[in-house]
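Engineer: Those protein sequence lines, which keep their order, are chains A and B. So in our numbering, the last spot in the first sequence is 157, and the numbers never skip. So in our numbering, the last spot in the second sequence is 424, and the numbers never skip. Shown below is the structure under consideration.
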Amino acid sequence: MSAIRQYELIYILPPETSEEAVAELQTQVEAITQKFSATIEKTENWGRRKLAYEIAGNREGVYVLHVINGPAEMTAELDRRLRVFDLVIRHMVVRVDEELAVAERSRVRRKSAMTARRVRRGLPPEPTEQERSRRQEEDDDLDGPEMGFRERGDR
Amino acid sequence: MSEFESRGRGGRSGDKDKKDDKGGRRTFFRRRRMCKFCVEKIDYIGYKDVKLLAPFIPERGKIQPRRISGVCATHQRALQTAIKRARQIALVPYTTD
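Pasting the structure below:
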């Protein structure tokens, strides 16, 4: 049994797809994941969205996202099966657990560094409400467009 | 004044930015370069967050080089993968013309 990893499966259906067809496809995906005893952590239906470019003659599409905890073999199977469904005009499986772990680690590291810094200076470990609002104000005069960040770059 | 002299025979008299004679090229266009992700403490650059990626995708649809956006190397790498993934699922264009 291989290790359980977290993946995100996202696929696009044509905009005219009926609700039932979407639900039907979702149960199919569930069936595949169950075969590998994987669990679906989250399912999101983004509904109709404009596509950034045309796919198979569609300018819009219905997006569905699944967050799945399962083994690596499952992704190959999902990929293979989704390629076969005519209804799915685009799909993608991405492994996310590592990236999320890295993000979490750096978040925790920053947090603890901040706490240590504050304790060393004899301040309470968490910034007070007052400090937070002051920081906001300080930021304001630095980020305006007049500081010369040009949207288009200098080409 | 020495700065002025050293520049004097550089043959730049015909340059179009003649008007800012005093400062030289450096100060002509000063830009504060700060990595947006470091400043705002954004740890995870996800491909689904189009709003986050949009400022780094100029009109043409290309990924903005970090010499222009000022993003640090670590975050530019993460940004790059995020944009490429977003392109695959048509959240962000490959090209626009």
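We put the beta carbon where it would ideally sit given N, CA and C, even for glycine.
Along the stretch 93-104 of chain A, what residues have a CB closer than 9 Å to any CB found in chain B?
Structural biologist: Look at the stretch 93-104 of chain A: the residues with a C-beta under 9 Å from a C-beta of chain B are His93, Met94, Val96, Val98, Glu101, Leu102 and Val104.
Engineer: Of the residues A:Val66, A:Leu53, A:Ile70 and A:Lys113, which one's Cα is nearest the Cα of Lys37 of chain A?
Structural biologist: A:Ile70
Engineer: Are Ile42 of chain A and Ile91 of chain A touching if we call contact CB-CB under 8 Å?
Structural biologist: Contact: no.
Engineer: Among B:Arg394, B:Thr423 and B:Leu418, which has the Cα closest to the Cα of Lys378 of chain B?
Structural biologist: B:Leu418
Engineer: DSSP puts Val110 of chain A in a beta bridge; with which residues?
Structural biologist: According to DSSP, Val110 of chain A bridges with nothing at all.
Engineer: What in chain B is Cβ-close to Leu53 of chain A, meaning under 8 Å?
Structural biologist: Per Cβ cutoff of 8 Å: Ala417.
Engineer: Within 8 Å (strictly less), CB to CB, does Ser108 of chain A reach chain B?
Structural biologist: Interface flag for Ser108 of chain A against chain B is set, since a Cβ pair is found closer than 8 Å.
Engineer: Compare the C-beta of Lys378 of chain B with all C-beta atoms of chain A and state if any pair is closer than 8 Å.
Structural biologist: no
Engineer: Select from A:His93, A:Thr35, A:Ser20 and A:Glu128 the residue whose C-alpha is nearest the C-alpha of Ile12 of chain A.
Structural biologist: A:His93
Engineer: Give the residues of chain A in contact with Asp370 of chain B, contact being defined as C-beta atoms less than 7 Å apart.
Structural biologist: Correct list: Ala105, Ser108 and Arg109.
Engineer: Tell me which residues share the same chain as Arg414 of chain B and place their Cβ nearer than 6 Å to its Cβ, disregarding the 5 neighbours each side in the sequence.
Structural biologist: Tyr421
Engineer: For Lys389 of chain B, which beta-bridge partners are listed by DSSP?
Structural biologist: Partner(s): none; Lys389 of chain B has no beta bridge.
Engineer: Does chain A have any CB closer than 8 Å to the CB of Lys346 of chain B?
Structural biologist: Residue confidence for Lys346 of chain B is low, a pLDDT of 47 falling below 50, so the modelled location carries little weight and cannot support an answer.
Engineer: Taking the alpha-carbon positions, what's the Ala54 of chain A to Glu75 of chain A distance?
Structural biologist: Roughly 31 Å between the two C-alpha positions.
Engineer: In chain order, what residues of the same chain lie with their CB nearer than 8 Å to the CB of Val64 of chain A, ignoring the 5 residues before and after it?
Structural biologist: Ile14, Leu15, Pro16, Pro17, Thr19, Val24, Asn47, Trp48, Gly49, Arg50 and Arg51
Engineer: What span of residues does the alpha helix (DSSP H) with Arg449 of chain B cover, start to end?
Structural biologist: This structure leaves residue 449 of chain B out entirely; chain B is present only between 328 and 424.
Engineer: Quick one, are the C-beta atoms of Pro127 of chain A and Val121 of chain A less than 8 Å apart?
Structural biologist: yes
Engineer: Return no unless some Cβ of chain A is closer than 8 Å to the Cβ of Arg404 of chain B.
Structural biologist: no
Engineer: Please list, in chain order, all residues of the same chain as Gln403 of chain B whose beta carbon is under 6 Å from its beta carbon, the five residues on each side excluded.
Structural biologist: Taken in chain order, the residues that qualify are Arg393.
Engineer: Can you list, in chain order, the residues of its chain with a C-beta nearer than 6 Å to that of Glu21 of chain A? Leave out the 5 residues immediately preceding and following it.
Structural biologist: None.
Engineer: So is Ile34 of chain A in contact with chain B if we call contact Cβ pairs under 8 Å?
Structural biologist: no
Engineer: Give the DSSP-derived three-state secondary structure of Thr423 of chain B in the structure shown.
Structural biologist: coil
Engineer: Looking at Ala405 of chain B and Tyr374 of chain B, is the spacing between their C-beta atoms short of 8 Å?
Structural biologist: no
Engineer: Span of the alpha helix (DSSP H) holding Ala74 of chain A?
Structural biologist: Ala74 to Val86
Engineer: Do you know how far the Cα of Ser39 of chain A is from the Cα of Asp370 of chain B?
Structural biologist: About 31 Å.
Engineer: Taking Arg112 of chain A as the query, report the chain B residues whose CB atoms sit under 9 Å from its CB, ordered along the chain.
Structural biologist: The contacting residues are Lys368 and Asp370.
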